[in-house]
Each structure stands twice: as structure tokens, then as C-alpha cells.
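Protein chains in written order, with my numbering: chain A, 27 to 264; chain B, 979 to 1200. Just so you know, even glycine gets a beta-carbon here, dropped at the ideal spot from N, CA and C. Everything numeric in this text was worked out from a predicted model, so none of it was measured. Structure, as C-alpha cells:
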Amino acid sequence: MASGSVADQEGQVMLLGFWFSPFVKRVEWALKFKGIEYDYVEEDLTNKSTLLLTSNPIHKKVPVLIHNGNPIAESLVIIEYIDETWQQNPILPQDPYERAMARFWANFIEQKVREPAREALFSKGEQQEKKVKELKEGMEVVEGEAKAKLNDKTLFFGGGNGVGYVDIVLGWTCNWMETIEEVGGFKVLDPESQPQFHKWMANFREVPFIKPTLEPKEKLVEFFRMVRQDRLGLVANK
Amino acid sequence: MAEEVKLFGGMWASLYSRRIEIALKMTGVQFEFIEEDLQNKSPLLLQYNSIHKKVPVLLHNGMPIAESLIILEYINETWPDNPILPRDPYDRAMARFWARFIDEKLIWVSWDAYRSKEEDQGKAIEEACKQLKALENELKEKEFFGGDTVGYLDIAAIMVASWFGVMQEVMKVELLTEENFPNLCQWVEKFVDCPIVKECLPHKEKMVEFIRVLLKDFLASR
Chain A
27 MASGSVADQE GQVMLLGFWF SPFVKRVEWA LKFKGIEYDY VEEDLTNKST LLLTSNPIHK
87 KVPVLIHNGN PIAESLVIIE YIDETWQQNP ILPQDPYERA MARFWANFIE QKVREPAREA
147 LFSKGEQQEK KVKELKEGME VVEGEAKAKL NDKTLFFGGG NGVGYVDIVL GWTCNWMETI
207 EEVGGFKVLD PESQPQFHKW MANFREVPFI KPTLEPKEKL VEFFRMVRQD RLGLVANK
Chain B
979 MAEEVKLFGG MWASLYSRRI EIALKMTGVQ FEFIEEDLQN KSPLLLQYNS IHKKVPVLLH
1039 NGMPIAESLI ILEYINETWP DNPILPRDPY DRAMARFWAR FIDEKLIWVS WDAYRSKEED
1099 QGKAIEEACK QLKALENELK EKEFFGGDTV GYLDIAAIMV ASWFGVMQEV MKVELLTEEN
1159 FPNLCQWVEK FVDCPIVKEC LPHKEKMVEF IRVLLKDFLA SR
């Protein structure tokens, strides 16, 4: 894909991403939920485009949303931008207190579930044990919240039958968590101690606009196994 | 219905709590400040923020909200007459991006630079300066991050206005210099001079003494 200057993208919605990134997937879910047309650009992890590097010079990471030539980075910031710019199918609740709660849980998921999961994936031994413990504690809290909020009539954290902000932020657990377990060599998911969370996962996976976007586990496992080996210098023949 | 607004916050040196004090005063909301002893947290605080057990926590008509940046957004949405966030969605996204940058990256990278051993310090300082430069470029020659008046990002950047100056004196490491960051340094002066900020922010000397005591074991080991 030819790289162009940011200013060339007038009147367009463009998403720079990696197929394997849970952060990118979140943004795609937000765009699809609202029915927003966008151009997707697959970036190369080993050879990031000029467009990406100029659009997100601070972090040099995906996802980056470019709207009317203006770039926005960080998945949670992007999702709020999408919600405020396109009014249909609201992602965040309308009520300020409910919004604060949704943002609180999004932050919690990031800090106490997603971050320890990533660190457990890319560590070993004692360090990994520490992170797995943190991850399990985070999952306990998530199960508690699921128990409190979800039931037969309220399938999603967004309320009722519709997904919302917290669902979109938590959604990566649906296929990335099993991948991380397999590649990292540990177990965190447990249907017995996490029944509500597992019900939520099953329901989330079946949401019509979500289902076709979920990457096959084998493909993710193969990819992340390679990245883990690379990060930990585990490759035998170098 | 009479509105009840309470802020559970840390003592004067607790900068995250000062963010909320400033925002509430700017909005003109009447509130009660309840000082928490962070070594001996009250049962109420532990109940209102059972997940993280931290300050600040805003209590509005009995409903608790935790996390300073989230509280700022709540204040902005609940008392919209004096908004602290920009109206334009893109400008809001930028304000949120930079506030996260300060909390998630800049502070930690700068802390590394301040406390690094001599052999690692050069690299750590370089990294911190790169990040400060990014913030300097975001500010450009605006009076405040919020434009003509103090806004969400200025309030979030209280860490830059207060903590950096204090750490510089305590750790004897220069990061935020006028030579390298003229815009930011000018912003610090203007920000701390705002009447509401002046009311809420502790005096630098008092902070320096406090941090010196807090870090005395660390300083002694160097």
C-alpha cells in the first residue's frame, strides 16, 4: 500500500492495523457496530509505513484511525471519538454516571486483565507465575461484575441484548485468552469458577457483526508462538 | 433537590486529588473535602472504591466515582456550564490522548530518569526528554493546553507543573529546563499562577521537604 501524507485522506475513514492485534479488533468492532465505512490498511510489524509513523509518532503503534486526514491513536480514545462523531448506535451509555462506570471498567480491564495477560505471554518462570496470579485475580473481579450485571435478560454489559463499550473493550478475551494460555503454557479460563464470564463469552462470539471477525485460534497461536519465542530468545537454532 | 458533592482526597501533597479540587472549583460546584489518611484508609473510602482502594473518589448524591481522569470527565458532563473538555470531538480525543500519555508514560519514564543510577541515567534522561518534547510540541505557543483557559489537559498536566520541579530539586537531576522546553516552562508559570490553582497547589518548598523525607532511605542509599 503506497504511503501518502496524512493530509491526502480528506473525507475518508482509514484504519491502520495488524490482523493479530486485539486493540485493532476493538476499533473495528466499534466501526462495524455503527455501520461506518472504512478503508483498512494492514501494516507490517517489521516494516511500519511512513503513514503509520507520521500518524502516531509518539507510540508508533496500531490502531490508528485517520478521519478527514486527522489521526487518532490509542484504542480507547479512538472508540470514544467514534462514539462522539457518529451518533447512531451509541456505544457508551448516555447517563454521566453510567459512562463513568463504563470507563472505570474499561480501565480495569486494561490494567488488571489485558496488561498482565500480555506480560504473562511474554515471560517465563517466576515472572510469568507472578503475572498469571495477577491475571487470575483480575478475572475474579470480572466474574464478580458479570455475576452482578448479567442474567438471562441482560446478556451484555451494554445492557439488554446489545453490546456496549465494556463488551467491546473486553471482547479480545474471546479468542486471544485461549491463545495466550496455549502459547504461554498456563491456564486462567475456568468455566466452573467463571460461569457468568463464560456465558458472556459464548454470547459475544455469536453477535452477528462480531462472529466473522474472530481470527481462527490456530492462526493466532502460530503467530504468537513465534513472537514469544522471539521475545524470550527461545529459538534453538539462531 | 439539594446536591451533595464530596471529595475523598489525599493530603495536600497528593496531586491526583488536587486535579479534582481544581476542576470542582473551576466548575463552581460546592463540595465537601474529606481528607483521607492514606496510611489508615477510612471504611467509607474502602467501600466507595473497593476495587482499587485509592483516592481521589468523588461522591455525588451518594454515588461514587473513582480514577481522577474519569472523575474529570464526569464533572465535565454533569456540570456542563463550565466545560473543561473541548467541544470538538477531535480536540477531545487529543486531550484524552495526551492525558493518558502523561499518566501512563511520561511520569514513569521521568521517574526512571530521576532515580536511575549514574551509568543508566544518560539513556533514561534522553528518553524522558523525548517525551517532554512531544508534550512541548503539543502545547506549541498556546497559553494553556485548553487554549485561552485552563482545561482538562492542563489539569491532568498538574504533574508536569508541580512534580517535575520538586523532583528536580530533590534528586538534583535536570529534565524540564527552560532552555530545552520554553513553552512548557512558560505554561508551568502561568498555570501555577492561576488563582484557583494557586489555592489548591502546595508551595514548592513544602513539597520538596515532604518528598525529601519520603525518599530519605532511597536518597541515603545513593
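Chain A within 7 Å of residue i, Cβ atoms only
{"i": "residue 1133/B", "result": "no"}
{"i": "residue 1075/B", "result": "yes"}
{"i": "residue 1198/B", "result": "no"}
{"i": "residue 1043/B", "result": "yes"}
{"i": "residue 1058/B", "result": "no"}
{"i": "residue 1160/B", "result": "no"}
{"i": "residue 1068/B", "result": "yes"}
{"i": "residue 1052/B", "result": "yes"}
{"i": "residue 1048/B", "result": "yes"}
{"i": "residue 1071/B", "result": "yes"}
{"i": "residue 1112/B", "result": "yes"}
{"i": "residue 1055/B", "result": "yes"}
Residues of its chain near residue i, where Cβ-Cβ distance is below 6 Å and the 5 sequence neighbours each way are ignored
{"i": "residue 1189/B", "result": "1144, 1148"}
{"i": "residue 158/A", "result": "146, 212"}
{"i": "residue 1130/B", "result": "1050, 1062, 1063, 1073"}
{"i": "residue 34/A", "result": "The pLDDT assigned to residue 34/A is 39, lower than 50, so where the model puts this residue is not dependable; a value taken from the coordinates is nonetheless given after this. If we look at residue 34/A and ignore the five residues flanking it on each side, it has no Cβ neighbours."}
{"i": "residue 98/A", "result": "91, 104, 107"}
{"i": "residue 218/A", "result": "none"}
{"i": "residue 182/A", "result": "189, 193"}
{"i": "residue 1198/B", "result": "none"}
{"i": "residue 263/A", "result": "Here residue 263/A scores only 46 on pLDDT, less than 50, and its place in the model is too uncertain to base an answer on."}
{"i": "residue 184/A", "result": "190, 193"}
Status (buried if at least 16 other CB within 10 Å, exposed otherwise) for residue i
{"i": "residue 94/A", "result": "exposed"}
{"i": "residue 109/A", "result": "buried"}
{"i": "residue 231/A", "result": "exposed"}
{"i": "residue 27/A", "result": "For residue 27/A, the predicted model reports a pLDDT of 39, less than 50, meaning its position is unreliable; a value from the coordinates is still stated below. Classification of residue 27/A: exposed, given that the 10 Å Cβ count is below 16."}
{"i": "residue 1132/B", "result": "buried"}
{"i": "residue 996/B", "result": "buried"}
{"i": "residue 168/A", "result": "buried"}
{"i": "residue 1040/B", "result": "exposed"}
{"i": "residue 1192/B", "result": "exposed"}
{"i": "residue 1152/B", "result": "exposed"}
{"i": "residue 140/A", "result": "buried"}
{"i": "residue 1032/B", "result": "buried"}
{"i": "residue 101/A", "result": "buried"}
Residue from the options with nearest C-alpha to residue i
{"i": "residue 205/A", "options": "117/A, 147/A, 113/A, 92/A", "result": "147/A"}
{"i": "residue 1042/B", "options": "1182/B, 1173/B, 985/B, 1150/B", "result": "985/B"}
{"i": "residue 68/A", "options": "82/A, 42/A, 91/A", "result": "42/A"}
{"i": "residue 981/B", "options": "994/B, 1003/B, 1151/B, 1007/B", "result": "1007/B"}
{"i": "residue 198/A", "options": "227/A, 220/A, 180/A, 183/A", "result": "227/A"}
{"i": "residue 1044/B", "options": "1058/B, 1059/B, 1023/B, 1056/B", "result": "1023/B"}
{"i": "residue 1012/B", "options": "1021/B, 1197/B, 1172/B", "result": "1021/B"}
{"i": "residue 66/A", "options": "122/A, 58/A, 73/A", "result": "58/A"}
{"i": "residue 234/A", "options": "55/A, 38/A, 40/A", "result": "55/A"}
{"i": "residue 155/A", "options": "169/A, 207/A, 170/A", "result": "207/A"}
{"i": "residue 1085/B", "options": "1142/B, 1055/B, 1122/B", "result": "1142/B"}
{"i": "residue 1201/B", "options": "117/A, 123/A, 85/A", "result": "Past the edges of chain B, shown from 979 to 1200, lies residue 1201/B, and the structure says nothing about it."}
{"i": "residue 143/A", "options": "111/A, 196/A, 118/A", "result": "196/A"}
Chain-order list of residues whose beta-carbon lies under 8 Å from that of residue i (same chain, five-residue window excluded)
{"i": "residue 47/A", "result": "88, 89"}
{"i": "residue 61/A", "result": "114, 115"}
{"i": "residue 998/B", "result": "985, 987, 1034, 1036, 1046, 1049, 1050, 1053"}
Residue-chain proximity (residue i, chain B), Cβ-Cβ < 7 Å
{"i": "residue 36/A", "result": "Here the model assigns residue 36/A a pLDDT of 42, short of 50, so the residue's position is not dependable, and the following value carries that caveat. Taking Cβ atoms only, chain B never reaches closer than 7 Å to residue 36/A, which makes this a no."}
{"i": "residue 103/A", "result": "yes"}
{"i": "residue 171/A", "result": "no"}
{"i": "residue 66/A", "result": "no"}
{"i": "residue 110/A", "result": "yes"}
{"i": "residue 100/A", "result": "yes"}
{"i": "residue 122/A", "result": "yes"}
{"i": "residue 84/A", "result": "yes"}
{"i": "residue 31/A", "result": "Its pLDDT being 42, under 50, residue 31/A is placed unreliably in this model, and the value from its coordinates should be taken loosely. It does not; no Cβ of chain B falls within 7 Å."}
{"i": "residue 191/A", "result": "no"}
{"i": "residue 177/A", "result": "no"}
{"i": "residue 96/A", "result": "yes"}
Residue i: CB within 6 Å of a non-hydrogen atom of the ligand ADP
{"i": "residue 1013/B", "result": "In terms of ligand content, the structure shown is empty, and the ligand ADP therefore cannot be addressed."}
Beta-carbon proximity list for residue i, same chain, < 7 Å, skipping 5 on both sides
{"i": "residue 36/A", "result": "Since pLDDT at residue 36/A reaches only 42, below the 50 mark, its modelled position is unreliable, and the value read off the structure follows with that caveat. The residues are 94, 95."}
{"i": "residue 180/A", "result": "186"}
{"i": "residue 1201/B", "result": "As shown, chain B starts at 979 and ends at 1200. That puts residue 1201/B outside it, with no answer to give."}
{"i": "residue 1174/B", "result": "1000, 1003, 1004"}
{"i": "residue 40/A", "result": "64, 65, 67, 92"}
{"i": "residue 1186/B", "result": "1144, 1147, 1148"}
Given 8 Å, three or more beta-carbon pairs between the stretch 1059–1070 of chain B and the stretch 165–182 of chain A: no
Taking Cβ-Cβ distances below 7 Å as the criterion, which residues of the stretch 127–149 of chain A are in contact with chain E? In the structure shown, chain E does not exist; the protein chains are A and B.
Taking three-plus beta-carbon pairs below 8 Å as touching, is the stretch 41–58 of chain A in contact with the stretch 240–256 of chain A? yes
Given 8 Å, three or more beta-carbon pairs between the stretch 1082–1091 of chain B and the stretch 1103–1110 of chain B: yes
Three Cβ pairs or more, each shorter than 8 Å: is that satisfied between the stretch 191–210 of chain A and the stretch 122–138 of chain A? yes
Does the stretch 1108–1122 of chain B touch the stretch 1162–1172 of chain B, meaning 3 or more C-beta pairs lie closer than 8 Å? yes
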